[in-house]
Amino acid sequence: MDHHDENAHVAVIPPNKEKIKKLWTVAGILGIVTAVEFVIAFTMPHGPTKTFLFVALTIVKAGYIVLEFMHLRYEVKILFWSILIPMIFVVWMLVAFVYEGFQISVVR
Amino acid sequence: MASSTSAVASGKSAWDGGASPMGASYGKLMMWFFLLSDAFTFSALLITYGLVRSSHKAYTGAVENFVFSQDYWPVPERVYEAVPFLHGVELPLVFVGIMTFILIMSSVTMVLAVEAGHRMDRKAVEKWMLWTILGGIAFLSCQAWEWAHFIHGAEYGDAVAEGTTFFGANLVHNQYGPPDFAAFFFFITGFHGFHVFSGVCLNFLIYYNTVTGVYQRRGHYEMVEKVGLYWHFVDLVWVFVFTFFYLV
Chain A
1 MDHHDENAHV
11 AVIPPNKEKI
21 KKLWTVAGIL
31 GIVTAVEFVI
41 AFTMPHGPTK
51 TFLFVALTIV
61 KAGYIVLEFM
71 HLRYEVKILF
81 WSILIPMIFV
91 VWMLVAFVYE
101 GFQISVVR
Chain B
109 MASSTSAVAS
119 GKSAWDGGAS
129 PMGASYGKLM
139 MWFFLLSDAF
149 TFSALLITYG
159 LVRSSHKAYT
169 GAVENFVFSQ
179 DYWPVPERVY
189 EAVPFLHGVE
199 LPLVFVGIMT
209 FILIMSSVTM
219 VLAVEAGHRM
229 DRKAVEKWML
239 WTILGGIAFL
249 SCQAWEWAHF
259 IHGAEYGDAV
269 AEGTTFFGAN
279 LVHNQYGPPD
289 FAAFFFFITG
299 FHGFHVFSGV
309 CLNFLIYYNT
319 VTGVYQRRGH
329 YEMVEKVGLY
339 WHFVDLVWVF
349 VFTFFYLV
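So this is what it looks like as structure tokens:
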């Protein structure tokens, strides 16, 4: 377990203040968007507008997590699109199936 | 195909082997595609939840007058209003807000661990990985309490047809709304919690490897990046589960 001494002479690059600041900025944005969601939760009556707002803000948060934290914005474009295009498919499915569900409630 | 970021000899395709057409290593690429498949699974579950929920009647009155009933889907801020150690105090959505904060913070500490790994800063990687693991364990503990409280029941129960009052939830009946309500709550938060648990286990393994110098000897901390992707995915799913179960 003392072997880690021999690794001590690998030079540690000092942190890039700009990068760290950017990461904490994104964290702050996620916090603020969540706070806005909470405000909406307690001030608006339940309904399609409220739901739409929540979904939109959630997609904003998802975007920051995937593009910045998971670094997808900076990857090669073909990887970027390989992940994004199937998920657009999923958005369509969500809209279609929730509509179907609503139609079922009308018939019930 | 002409890819500007992979170095290939002229006349050779980027896809003939020996190059990285997507600019990422095999392990990282496979993690991305595994996460895509897992995103499909969670999407399928959440879409099904959306369909079943919208097929039930919604509560149309004022939130203050809401009572639990089998006839309509409950209003989330009246179901999730308990906080540990504050018995009887109604604090709608406060506890789930704390859980969301814990998980997002653990995602931030994870990304800081990845950043430290890029600089071969082993001590910083250890520090940030440990915080991430603690965040994951804290989240799981909170979720366990949430489940226990859900099963145990709220201050007032739901009047059942025979005249008795039912509290909490069991395998067939719950006090809050139709049976589907509890079924989806347990299944989706449980499946997510299982991913958090496996993420904590993976993070611990990578933390152990970091402490014993495996990645230092290897010359790179890409493994930290790969489990980082998995951990961010877990956070991402929670962001959606939080919206669809607790807000909408």
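Here the protein sequences line up with chains A and B, keeping their order.
Each residue of the first sequence is one higher than the one before, counting from 1 in my numbering.
Each residue of the second sequence is one higher than the one before, counting from 109 in my numbering.
For every residue, glycine included, the Cβ atom is placed at its ideal position computed from N, Cα and C.
Under a CB-based cut-off of 8 Å, is residue 110 (chain B) close to chain A?
Since pLDDT at residue 110 (chain B) reaches only 47, below the 50 mark, its modelled position is unreliable, and the value read off the structure follows with that caveat. Answer no: the Cβ-Cβ gap between residue 110 (chain B) and chain A never drops below 8 Å.
Listing by chain order, which chain B residues have their CB less than 9 Å from the CB of residue 41 (chain A)?
Here the neighbours are 184, 185, 200, 201, 354, 355.
In terms of residues, what are the limits of the alpha helix (DSSP H) holding residue 283 (chain B)?
From DSSP, residue 283 (chain B) is part of no alpha helix (DSSP H); its letter is neither H nor E.
Classify residue 273 (chain B) as helix, strand or coil using the three-state DSSP reduction.
For residue 273 (chain B), the three-state secondary structure derived from DSSP is strand.
Output needed for residue 64 (chain A): all residues of its chain with C-beta closer than 7 Å, excluding positions within five of it in sequence on either side, in chain order.
Shown here for residue 64 (chain A): same chain residues with a beta carbon closer than 7 Å to its own, the five before and five after excluded, namely 26, 29, 30 in chain order.
Excluding the 5 residues preceding and the 5 following residue 151 (chain B) in the sequence, name in chain order all residues of the same chain whose CB lies nearer than 8 Å to its CB.
Hits under 8 Å: none found.
Would you say residue 58 (chain A) faces chain B, with C-beta separation under 8 Å as the test?
Residue 58 (chain A) counts as touching chain B.
At a CB-CB cut-off below 8 Å, which residues of chain B make contact with residue 101 (chain A)?
Near residue 101 (chain A) (Cβ distances below 8 Å), the residues of chain B are 158, 159, 160, 161, 162, 163.
Have a look at the DSSP bridge pairing and note the partners of residue 266 (chain B).
According to DSSP, residue 266 (chain B) bridges with B:274.
How long is the line joining the alpha carbons of residue 229 (chain B) and residue 343 (chain B), rounded to whole angstroms?
C-alpha separation (whole angstroms): 25 Å.
With a threshold of 8 Å between beta-carbons, can residue 155 (chain B) be considered close to chain A, or not?
Taking Cβ atoms only, chain A reaches closer than 8 Å to residue 155 (chain B), which makes this a yes.
Going straight from the alpha carbon of residue 180 (chain B) to that of residue 275 (chain B), what length do you get?
When rounded, the distance between both Cα atoms is 17 Å.
Check each residue of the stretch 327-345 of chain B: if its Cβ is closer than 7 Å to any Cβ of chain A, include it; give the result in chain order.
Residues of the stretch 327-345 of chain B that bring their beta carbon within less than 7 Å of a beta carbon in chain A comprise 337, 340, 343, 344, in sequence order.
Chain A partners of residue 129 (chain B), CB-CB under 8 Å?
Against chain A, the beta carbon of residue 129 (chain B) has neighbours under 8 Å at 76, 78, listed in chain order.
Residues of chain B with CB under 7 Å from residue 15 (chain A), in chain order?
Correct list: 227.
Own chain residues within Cβ distance below 6 Å of residue 267 (chain B), not counting five before or after:
Hits under 6 Å: 273.
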